[in-house]
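For what it's worth, numbering that gives the first Met the number 0 labels the leading residue of the sequence shown as 0, then goes sequentially. Note that the Cβ used here is the ideal one computed from N, Cα and C, for glycine as well. Before any comments, here is the structure.
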Amino acid sequence: MEQYLFQSSRIGFRLWSDNDLTPLAQLNADPAVMKYFPSTVNESDTAKWINKQNGDYKKYGYCYYAVDLLDTHELIGFIGLSYKELDTDFSPCTDIGWRLATKFQGKGLATEGAERCLEFGFESLKLKEIVAIAPEVNLPSINVMQKIGMKFECHFEHPQLSDYPDLKKCVLYKSRYQ
């Protein structure tokens, strides 16, 4: 049985383990999942990413968490928070993000998990503001941002996506502690 840091009705949020590498690498190698990213991600880079998340948790008290379905304990992807330093007017910031395996998309899980993550960030971590960033073409993620009550802030060109004309134009949504 996994030890969850917190839960929503269907999702458990936890730290990453070595057992997560293969399923997350498969998710990151799926072109459908990575449609709004510059490329798929190989297993080696996925392992580095997992290590970074666990390091971020130790440093900041949060990360992009491994998320499981509570009824099956199957890893479905990640949903969580990440400290970001970007060459933008709104940085540094805490970003909320999600990535789910294709078979778990369209079931309200990203919305449910992101909503719970916002609550955790504000109530437990005492964050004052959380942002969400997505390319303008990533309508599914923008839809989640709107469903969880985040407010549109601005359009901007993402400094890390300048070589990707289809992805560099992004939107910023924000949610502030109330």
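Would you kindly work out how many angstroms separate the C-alpha atoms of residue i and residue j, rounded to a whole number?
| i | j | result |
| --- | --- | --- |
| C178 | D162 | Only positions 0 to 177 of the chain appear in this structure, which leaves residue 178 out of reach. |
| L23 | Y64 | 12 Å |
| Q25 | W48 | 14 Å |
| P164 | T93 | 25 Å |
| F89 | K83 | 10 Å |
| G54 | K106 | 30 Å |
| M0 | E156 | With a pLDDT of 47 at M0, under the threshold of 50, the predicted position of this residue should be treated as unreliable, though the coordinate-derived value follows. Looking at the two C-alpha atoms, the distance is approximately 43 Å. |
| A131 | T39 | 21 Å |
| F5 | F36 | 28 Å |
For residue i, is the classification buried or exposed, using 16 other Cβ atoms within 10 angstroms of its Cβ as the cut-off for buried?
| i | result |
| --- | --- |
| R175 | exposed |
| N178 | Past the edges of the chain, shown from 0 to 177, lies residue 178, and the structure says nothing about it. |
| T178 | Within the shown structure, residues of the chain are numbered from 0 to 177, placing residue 178 beyond reach of any answer. |
| C169 | buried |
Is the separation between the beta-carbon of residue i and that of residue j shorter than 8 Å?
| i | j | result |
| --- | --- | --- |
| E111 | S7 | yes |
| V143 | A109 | yes |
| F119 | I75 | no |
| Y61 | L124 | yes |
| E152 | K127 | no |
| G11 | D67 | yes |
| P134 | L171 | no |
Taking only three categories from DSSP, how would you classify residue i?
| i | result |
| --- | --- |
| P139 | helix |
| D86 | coil |
| S8 | coil |
| L74 | strand |
| Y59 | helix |
| G96 | strand |
| S43 | helix |
| L160 | helix |
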